[in-house]
Amino acid sequence: MRIHAFVLCNQRQGPQNKVVGRNPQAISNLSPRCPAPMLRQLLRLLLQIPYPYTGLRNSALIATELEKNYHPFSLVEERAFKKFARHIPGYELPSRKTVSNIIIPTLYDQTVLRKKEEINDIEFLSLTTDLWTSRVNDAYIAVTGHYITKDLVLKTFLLKCAEFKDTHSSANIQAALLETTNEWNVTNKINFIVSDNAANVKKAIADIGWKHYGCYGHTLNLIVEDALNLVKASLDKVKTIVRHFKTSTAALEKLLKAQLQEKPDIVPKRLIQEVPTRWNSTFAMLQRFVELENQICATVAILRKDLPILTVEEWALFHELCKVLKPFDEATKAMSGEDYMTASTIIVMTRCLRESCNQLLLEDFNVTTNSVITALRTGLDKRLEGVERSGTFSICTILDPRYKINVFSDTNEAAKAKKMLEEILASDIRRRRHGENQQSTSTPASIPVRDKFSPWSILNNIVGSQQQQVGTPLSCAIKEVDTYLKDNILPMFNDSGKFNCPLQWWQHNHHIYPNLAILVRKYGNIMATSVPCERIFSKTGLTINNRRTQLKTHKVAQLMYLNVNLDPKRFLTES
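Residue numbers are given in numbering that gives the first Met the number 0: position 16 of the sequence shown equals residue 15, and the series is strictly consecutive.
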């Protein structure tokens, strides 16, 4: 039987005890011409799989290796790879066409089906979306989904990363988004969507009617860019010098040698070039630049090139700018996660960055640096002015046990947010009670007719009257919110110095605040940034590498979907 019949790999087979032994010779044969170091780990996995699952699952694992580590399909036809495959008993290596036309599409179809079954019962799904153009000028649109399970676990998946052939008009973007959500049958479950601040994307989402917020990371980046325009002339000098070291091998060798002469035991570092589309890259460039100040000065002095001359004042400015930009770098990184709640920190982070600017202005910086700090503070006030008035982010913040209402800078906004939470919670309780009443009415319990003097009839009246005294939805909501707010605040850090996870707190306390826990599933899944889609496009760029520029766009879409959503462990655990 040929291996590419692995489409059967999901079918259960009888118990098998025979296990293929490890083959050290096969592993050693991968060196030194192994196409990728990760294949060593792949081989160790393959050699632990019980026979006869070997053939079926090995092809799936090989396909997983190809898409997870961006290898071309032709890898299976390379000499070193064929050599290692011969050491797997009963295994026939599939051809490149088999991998491309059978194995990858089958894996894709199975993974989509599994994910659709998994999200079938979720109530709320938030999205992030972005557009990107590849090096071969193909445009793509990506949409990621984020939801919280009934067990209060945050999960992320890719709905689609597909070619976008049409013009980037709001109507076409709207059609693409709706096509994606309709395909997944989640259009009515979308509770929020995050994108960049492009006008066409914002209009497309507004026309659909989804709640939307412009990417927080993108907004911070715009604030920093505006402020750094005040020192553009000095930064242009840095960019010119960095560009020279990036394009001149001789200059780079001298810079690396200068570092080793000073500290022979270190691994020498290279300069970092600014990438306009990559957030915080200016900070990364400056940070490395000032770190290598002595070596750069020494190297530039002997290069005899017409490079810009940096003054002592400019070097001092760069050192100060690194201190000023560091809080924004930390904020962007913290808010760009997708494995933990981030929207609940938007109000908090905005307030903290404002306070950072206020404290930085008290430092003994030069006039130019202070003007940059003032511009940053102004940018925060201008671009993030109404963040505390956002109903969605206010609720997110209160539902985070690390913050609650203690982090609002405006006490009036905190009071409004608390009242809004009570009203939303009351409405949710009322809706669920109505549904329960309808269900109980449609399927009435069979109660035997008893004499009104019967103790059981009297007991039924007592219990019924007690149930009526539970309280109105609003009174229940107010009581639960008040009790929650009086509960202890969850510390930011645990005893190990790591961040405490608010969702883990809710997992342990959902039985105490059952109604609020349901709202956590609606608000805790919202992302602060569109970085999940940015990461997809970074991976897409790796997929369409120099050896894969001929990949058809539908194949790229399949590979990207599998790269994000396929769990390779399933091939080792299924039986």
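Don't be surprised by glycine CBs; every beta carbon is placed ideally from N, CA and C.
Answer yes or no: do residue i and residue j have a C-beta to C-beta separation smaller than 9 Å?
| i | j | result |
| --- | --- | --- |
| A283 | D328 | yes |
| N514 | L383 | no |
| K417 | V323 | no |
| T575 | T344 | Absent from the model: residue 575. The displayed extent of the chain is 0 to 574, so no value can be given. |
| A175 | I140 | yes |
| F498 | Y339 | yes |
| S194 | T132 | no |
| L375 | L361 | no |
| S169 | N190 | no |
| A342 | Y522 | yes |
| D225 | G378 | yes |
| S370 | L229 | yes |
| I172 | L130 | yes |
| R269 | L285 | no |
| T148 | R431 | no |
| V530 | C160 | no |
| C321 | V366 | no |
| P400 | N564 | no |
For the beta strand (DSSP E) containing residue i, list its first residue and its last residue.
| i | result |
| --- | --- |
| K154 | L153 to E162 |
| N365 | First-last for N365: undefined, no H or E at that position. |
| Y212 | H211 to G213 |
| V193 | I189 to S194 |
Please look up how many angstroms separate the CB atoms of residue i and residue j, rounded, as I've assumed it's under 8 Å.
| i | j | result |
| --- | --- | --- |
| Y146 | N562 | Rounded, the Cβ-Cβ distance is 20 Å, inconsistent with contact. |
| M526 | S280 | At roughly 22 Å, the Cβ-Cβ gap does not stay under 8 Å, so M526 and S280 are not in contact. |
| T110 | I535 | About 15 Å; that fails the 8 Å criterion. |
| K201 | H217 | Not confirmed; about 12 Å, so no contact. |
| R350 | S408 | 5 Å |
| T528 | S335 | 5 Å |
| A413 | E162 | Actually they are not in contact, since the Cβ atoms of A413 and E162 sit about 46 Å apart, beyond 8 Å. |
| L398 | L151 | That belief does not hold up - the Cβ atoms of L398 and L151 are roughly 11 Å apart, past 8 Å. |
| L219 | T331 | 5 Å |
| K236 | E273 | Actually they do not touch by this definition, with Cβ atoms about 13 Å apart. |
If you follow the alpha helix (DSSP H) that residue i is part of, which residue opens it and which one closes it?
| i | result |
| --- | --- |
| N514 | P513 to Y522 |
| N293 | E292 to L302 |
| I207 | A198 to I207 |
| K262 | Segment: none, K262 is in no alpha helix (DSSP H) and carries neither H nor E. |
| W504 | P501 to N508 |
| T331 | V311 to M334 |
| V241 | K231 to T246 |
| S474 | P472 to K485 |
| K115 | I103 to E117 |
| N405 | Where N405 is concerned, there is no enclosing alpha helix (DSSP H), given that its DSSP letter is neither H nor E. |
For residue i, which of the options has the nearest alpha-carbon?
| i | options | result |
| --- | --- | --- |
| S474 | R429, K554, K231 and R303 | R429 |
| L291 | A175, L558, A333 and L251 | L251 |
| N181 | K202, L158 and T349 | L158 |
| K554 | R85, Y107 and R78 | Y107 |
| E116 | W183, I265 and D399 | W183 |
| R287 | V241, T248 and D264 | V241 |
| K403 | D137, S389, Y212 and L489 | L489 |
| K485 | I511, C500 and T246 | I511 |
| N319 | F364, Q358, V519 and P275 | Note that residue 319 is Glu in the sequence shown, not Asn. Residue F364 is the option with its Cα nearest to E319. |
| W209 | T391, K551 and R85 | T391 |
| N293 | K253, E122 and V152 | K253 |
| L518 | P326, G213, E421 and A300 | E421 |
| M348 | K381, A315, V386 and H507 | V386 |
| C500 | E337, K478 and V366 | E337 |
| S99 | C214, D566, N564 and L558 | L558 |
| T186 | V135, L227, I118 and K238 | I118 |
Per DSSP, which residues does residue i bridge with? Please list them.
| i | result |
| --- | --- |
| A141 | D129 and C160 |
| Y146 | K154 |
| L124 | I189 |
| F492 | F498 |
Of all Cβ atoms in chain C, is any one closer than 9 Å to the Cβ of residue i?
| i | result |
| --- | --- |
| K81 | This model lacks chain C altogether; it includes just one protein chain. |
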